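So the structure is just underneath, and the comments pick up after that.
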Amino acid sequence: WTLYECLVSTSKLIAPFVPFLAEDLWQNLVVAPFGRRATESVHLCDYPKADVAVVDEALSDQMALAREIVSLGRSARMTARLKVRQPLGRVEIILADATHRQWLERHESLVCDELNVKKADISDEPEKYIDYSVLPDLKRLGPKLGKRLPALRKALGQADGGRLLAQMEANGQITIELPDGPVTLDRDEIQIRLQAKEGWTAAQGRHCVVVLSTELTNELVAEGYARELVRAIQDRRKDIGCEYTDRIRVGIATDSPELRGAADKFADYLKGETLAVEIVLEPIAGVEPLELKVAGFDMTLFLKVDRS
5 WTLYECLVST SKLIAPFVPF LAEDLWQNLV VAPFGRRATE SVHLCDYPKA
55 DVAVVDEALS DQMALAREIV SLGRSARMTA RLKVRQPLGR VEIILADATH
105 RQWLERHESL VCDELNVKKA DISDEPEKYI DYSVLPDLKR LGPKLGKRLP
155 ALRKALGQAD GGRLLAQMEA NGQITIELPD GPVTLDRDEI QIRLQAKEGW
205 TAAQGRHCVV VLSTELTNEL VAEGYARELV RAIQDRRKDI GCEYTDRIRV
255 GIATDSPELR GAADKFADYL KGETLAVEIV LEPIAGVEPL ELKVAGFDMT
305 LFLKVDRS
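Residues 5 to 312 (the working numbering) make up the sequence shown, in order.
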């Protein structure tokens, strides 16, 4: 019902800008199910007004935090060159503010699903996973600060790199207190780099640091291959014009022990994701073969709609 309300409201919101798309949405979502009880056209409706009484600020903040965590997690994956389809073992979340910690703990499955990780933990010990390096640009700061430069270097050496990076991300500059007064530095004058320790990859935003384990066990690698197989099968379904509800039979012919092992071990997962009633590790007679590479391995895919 939430999705329905959002789509119907969206059709009203976009009506002045993309009138035909808005009308198509309205006809499918409102007129088709409700007939004469519905307004004939979206263009005959009043433009929607916001109802601030139903805005849940706490929930909005919580979901914004979850979205930031997911975004940072994907960024950390890119840094380590780990595809989203490759499952990972753990994600550690280091919060700048514990206000929404309990909510996040109850909904950690959202983060796990979006980041394709097995387990999510909230950590209070960032030093286990990350280091910070603070690099002032001495060529710029020397003329600017003169004799104050040694004091700045000492202050930066004692500062919390995480707090400095969060301040820079939030404001585009940081302020350092020196004995003779504050100094404000921008991105051109100082660099604060987050460095994940061995076995981890990390990214930091305004409200948290997200750290992903980069250790890949044989089980995780095999599951990653299985997800690549799902993508290949789904692409083939589209190519041959399968309906969303069509059941299929799949044949996978390959000399790769990695793909064969993944297809065998995760057969139930493959079937569930692709609506396959059968997956065999051999060609299917009378079916057009498709030669392709999956996860860097050569294979031939056979896909047939099940009519039984």
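All C-beta atoms, glycine included, are put in the ideal place defined by N, C-alpha and C.
Computed from a prediction, not measured in an experiment: that's the story for all the values here.
By DSSP, does residue i sit in helix, in strand, or in coil?
i, result
"E44", "coil"
"K148", "helix"
"V193", "For clarity, residue 193 is Glu in the given sequence; the question names Val instead. E193: coil per DSSP, three-state reduction."
"S121", "Correcting the residue type first, residue 121 is Val in the shown sequence and not Ser. Three-state result, V121: strand."
"A289", "coil"
"A207", "strand"
"P52", "coil"
"K201", "coil"
"E219", "coil"
"G176", "coil"
"V59", "coil"
"P183", "coil"
Looking only at its chain, what residues have a beta carbon closer than 7 Å to the beta carbon of residue i, apart from the 5 residues adjacent to it on each side?
i, result
"R85", "none"
"L114", "A70"
"A206", "A80, Y133, I134, L198, A200, V213, V214, V215"
"E262", "Y229, F301"
"A26", "S15, I18, A19, V46"
"V74", "V115, E118, L119"
"W204", "Y133, V215, L216, S217, T218"
"R105", "L99, I126"
Starting from the C-beta of residue i, find all residues in its chain whose C-beta is less than 8 Å away, skip the five residues before and the five after it, and write them out in chain order.
i, result
"A271", "I283"
"G146", "L153"
"D101", "H211"
"P287", "G255, A257, P293, T304, F306"
If distances are taken between C-alpha atoms only, which option among the options comes closest to residue i?
i, options, result
"E247", "D28, V56, K308, L224", "K308"
"A289", "K269, I256, T179", "I256"
"L92", "A102, T103, G77", "G77"
"L294", "D243, I73, T14, V281", "D243"
"L233", "A100, K275, R110, T103", "K275"
"V225", "I252, G150, G265", "G265"
"E181", "D192, L160, Q171", "L160"
"L4", "A54, V35, L279", "This structure cannot settle anything about residue 4, because the visible part of the chain is limited to 5 through 312."
"V291", "R253, S260, D50", "R253"
"A299", "L285, S260, Q162", "S260"
"T249", "T278, R157, E227", "T278"
"K87", "T304, R235, L305", "R235"
"I97", "G245, L108, Q90", "L108"
"E202", "E219, I196, Q208, D192", "E219"
"A54", "C10, L156, K158, F24", "C10"
"K148", "A163, D192, A170, L169", "D192"
"E72", "K158, V138, G209, R311", "G209"
"R94", "R251, T221, K297, L285", "T221"
"R311", "V281, A155, L169", "V281"
"L156", "E131, P183, Y136", "P183"
Looking only at its own chain, which residues have a Cβ that is under 6 Å from the Cβ of residue i, when we skip the five neighbours before and after it?
i, result
"V22", "none"
"E57", "With the sequence shown as reference, residue 57 is identified as Ala, and Glu is not the correct amino acid for it. Cβ within range, chain order: n/a, list empty."
"D268", "none"
"I194", "P140"
"L29", "S15"
"Q90", "G228"
"S127", "E96, I98"
"T83", "T205"
- Item | Entirely enclosed alpha helix (DSSP H) segments - the region 232-286, minimum 4 residues | 261-269, 271-278
- Segment contact flag, the region 132-142 with the region 170-185, C-beta cutoff 8 Å, min 3 pairs: Under the 8 Å Cβ criterion, the region 132-142 does not count as touching the region 170-185, having fewer than three qualifying pairs.
- Query: Do the region 187-203 and the region 61-77 make contact, defined as three or more Cβ pairs closer than 8 Å?
  - Reply: At 8 Å Cβ cutoff, the stretches do not touch.
- Query: Which residue spans inside the region 6-50 form an unbroken alpha helix (DSSP H) run of at least 4?
  - Reply: 6-18, 23-30
- Jot down the residue ranges of each uninterrupted alpha helix (DSSP H) in the region 65-145, minimum 4 residues, whole runs only, in chain order. Qualifying alpha helix (DSSP H) stretches, in chain order: 105-110, 112-119.
- Task: Decide yes or no for the touch test of the region 233-243 against the region 116-123: beta carbon pairs closer than 8 Å, at least 3 of them.
- Result: no
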